[in-house]
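Counting along the sequence shown from 1, when you hit position 214 you're at 432 in the working numbering, and nothing is skipped either side.
A quick write-up on the structure given underneath.
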Amino acid sequence: MTLLNNILPEVRRGKLKVLLREREIVRVLEAHNGLSGIIANNACIEGQSNQVPVQREFDAIWESSLTDSASKGHPDIEVISFDSRLQSINEILAVTHKPMIVDGDTGGDANNFEYMVTKLERAGVSAVIIEDKVFPKRNSLEPGVQQMLQEPEIFSQKIKRGKSAQISTDFMIIARLESLIAGKSVDDALFRAQIYLEAGADGVMIHSKEKDPDQIMEFAKHYQKMTQKINCKKPMVCVPTTYNTLTEDQLSAAGFSIVIYANHLLRSANKAMEEAARTILLNQRSFEVDPICSPVREIFQTVGFLEVKEKDKLDGNNKNIPIIIPAAGEDPSLSSILKGKPKSMFEIAGKTLLDWQISALNSNNLTNITVITGYKSRTMKADGVTFQENKDYKRGSELHSLMEARKKMTNGFIMLYSDILFEENIMSKILACQEDIVLIVDNTMQYHAPEANKIQDFVISKNKHLPTRRKISFAYENIISKIGSKLNPETATHEFIGLAKFTKTGAEQLLQTYEDCVKNYHGKLQEAENINQFKFTDLIQEMIDRGYVANFLEIHKGWLEIHSTEDIELANHFLSNS
Ligand code: SPV
Ligand code: MG
């Protein structure tokens, strides 16, 4: 079941009347189960008409007695119970959002029909069509079958009872004229049509099994006159299964408001199934049948399995995804303030920088936090985190500290610089990203003069999108082409804030690239003079150069890097008031 087409019954029910007001002709396609329902609901073609782009789709769904019965392996003789029909109807309603017209066969007797009306109306069906034959009816298309018409008075009484049983004004009861099917005249059909309309029918359906549309067209012509005469303009429905050379435009011009393609999904599936079965028998393998089969993945797509997979992936990715905070280095630029403490232990507004980070993570249900320590390792304290020491922190960059926790990265992780404060919603935004590698970047850097002595990680986006207030950036544009602290700030589009997420695949790519660089490179690499100085941003640039895609998620506020006394003052001010 796909949740894409979710709609409440009362919202769907009224849609047919709206369509009848708005469209020249309402185009309806048969469905007999959930899958065919999704196909009827979602089928769409796009093209051009007089240089104007057009989109064409079906407006509504026909729940056919012929195809519902046939899909259950039964003949169309009212042998399938209404409960079983209702099950198919609900199956289709559950996965579609377009209005549905139900083929109600004869509707049973007046009492049966009242129950049918209330159940269909409550389910969200927009209309039921009942035919003026005697129960149990026989399908109309087969020649040589004896067709028993119902007395018009008895049938109109059933219509009246149905109309009085419905609650909403949305629901329609359409009377189906079987005169031509039973070998009677156009006049008989017209005579009955008038009686049924006067009994309260919301429209009529004229049926024929002839290839030649003459009788149907004649009926249509006289129907217009008759409805004018009795001042009762109600929609006319046709089912051009046999006279199918007429186009929708021709039918509309003849006065039809609804055209029903009544059995085509079942018939086409039946033909393909027969052929597939025979082809396998013939070849004793299924290879030859592939061209007439949808790929399994297409079915998965149709029924929402790929959507489920993505959601699982997202949940799985984010379910307590490990957070790794490399906090091993010393920051000599703030030594006078830090007074020998690691920066993470510096107190701002009554809490350490690390505790502020932990709170923002915990409020996003992220509790699997590893902090890589180095400088003054033993003074690092916080509840609810794992400390892991990088004894060799002095020899290398923050990247090598990060890699101390590589065992925790394999199923995906988030890397967070130890010196940034951020609002909780930034973390929820990155959690919602589906790309394999996502770096959070700020797009306001060009409004600030570069700070002296501050090392900033600049980013150039692939499309060099310079942010302006009105610009919308689309997901596919959010790709990093360059990253590094030595890029010219004037050509940079963003600044990396020190927060990045890797899925399982992203982490695999990162680790592979890192290991390859450590093993094979000793001299200068990206902006680093040697492998010891190889930074996180160098590794990302190396990955980009190797063809991996690093995406970015753009923000313009909600974070602060603690780098100077001004930053500390600012943070104190904001956090004291928060
Ligand atoms: C159906 O689709 O079940 C119909 C139309 O009633 S027909 O089969 O042409 O009678
Ligand atoms: Mg039928």
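Using N, Cα and C, we set each Cβ at its ideal position, and we do this for glycine too.
Please identify the residue among the options whose C-alpha is closest to the C-alpha of residue i.
| i | options | result |
| --- | --- | --- |
| residue 352 | 768, 328, 727 | 328 |
| residue 275 | 282, 527, 265 | 265 |
| residue 476 | 585, 280, 509 | 280 |
| residue 630 | 565, 544, 567, 718 | 718 |
| residue 777 | 750, 340, 634, 765 | 634 |
| residue 443 | 470, 426, 412, 419 | 412 |
| residue 783 | 763, 550, 576, 653 | 550 |
| residue 586 | 769, 603, 394 | 603 |
| residue 303 | 376, 653, 341 | 341 |
| residue 756 | 672, 781, 616 | 616 |
| residue 377 | 358, 408, 324 | 324 |
| residue 289 | 306, 648, 596, 720 | 306 |
| residue 563 | 489, 703, 638 | 638 |
| residue 465 | 326, 330, 298, 431 | 431 |
| residue 539 | 417, 482, 584 | 584 |
| residue 490 | 482, 511, 240 | 511 |
| residue 582 | 791, 642, 449 | 642 |
| residue 468 | 485, 493, 370, 434 | 434 |
| residue 319 | 387, 399, 234 | 234 |
| residue 330 | 291, 369, 450, 373 | 373 |
| residue 712 | 414, 733, 674 | 674 |
With a threshold of 6 angstroms, establish whether the CB of residue i neighbours any heavy atom of the ligand SPV.
| i | result |
| --- | --- |
| residue 367 | no |
| residue 457 | yes |
| residue 480 | yes |
| residue 321 | yes |
| residue 470 | no |
| residue 359 | yes |
Assign residue i to buried or exposed, taking buried as 16 or more other Cβ atoms, counted over all protein chains shown, within 10 Å of its Cβ.
| i | result |
| --- | --- |
| residue 662 | exposed |
| residue 332 | buried |
| residue 335 | buried |
| residue 725 | buried |
| residue 715 | buried |
| residue 401 | exposed |
| residue 700 | buried |
| residue 740 | exposed |
| residue 656 | buried |
| residue 382 | exposed |
| residue 229 | exposed |
| residue 688 | Since pLDDT at residue 688 reaches only 46, below the 50 mark, its modelled position is unreliable, and the value read off the structure follows with that caveat. Exposed, by the Cβ-count rule. |
| residue 505 | exposed |
| residue 500 | exposed |
| residue 294 | buried |
| residue 709 | exposed |
| residue 781 | buried |
| residue 628 | exposed |
| residue 394 | buried |
Indicate, with yes or no, if the ligand MG has a heavy atom lying under 6 angstroms from the CB of residue i.
| i | result |
| --- | --- |
| residue 284 | yes |
| residue 430 | no |
In this structure, does DSSP put residue i in helix, strand or coil?
| i | result |
| --- | --- |
| residue 265 | strand |
| residue 637 | coil |
| residue 775 | coil |
| residue 794 | helix |
| residue 277 | coil |
| residue 688 | Legend: pLDDT at residue 688 = 46, less than 50; position of this residue unreliable, value from coordinates given subsequently. Looking at residue 688 - three-state DSSP - the assignment turns out to be coil, as it is neither helix nor strand. |
| residue 464 | coil |
| residue 652 | coil |
| residue 541 | strand |
| residue 583 | coil |
| residue 271 | strand |
| residue 390 | strand |
| residue 700 | strand |
| residue 742 | coil |
| residue 440 | helix |
| residue 752 | coil |
Could you pull out every residue in the same chain whose Cβ sits closer than 6 angstroms to the Cβ of residue i, ignoring the five residues on either side in sequence?
| i | result |
| --- | --- |
| residue 258 | 247, 249, 276, 279 |
| residue 543 | 589, 634, 636 |
| residue 473 | 438, 442, 454 |
| residue 231 | 342, 344, 388 |
| residue 459 | 480 |
Please list, in chain order, all residues of the same chain as residue i whose beta carbon is under 7 angstroms from its beta carbon, the five residues on each side excluded.
| i | result |
| --- | --- |
| residue 396 | 349, 350, 351, 358, 365, 367, 425 |
| residue 595 | 607 |
Can you name, in chain order, every residue of its own chain whose Cβ lies under 8 angstroms from the Cβ of residue i, other than the five neighbours on each side?
| i | result |
| --- | --- |
| residue 227 | 311, 340, 341, 342 |
| residue 787 | none |
| residue 262 | 273, 274, 275 |
| residue 692 | Legend: pLDDT at residue 692 = 47, less than 50; position of this residue unreliable, value from coordinates given subsequently. Excluding positions up to five away in sequence, the list is empty. |
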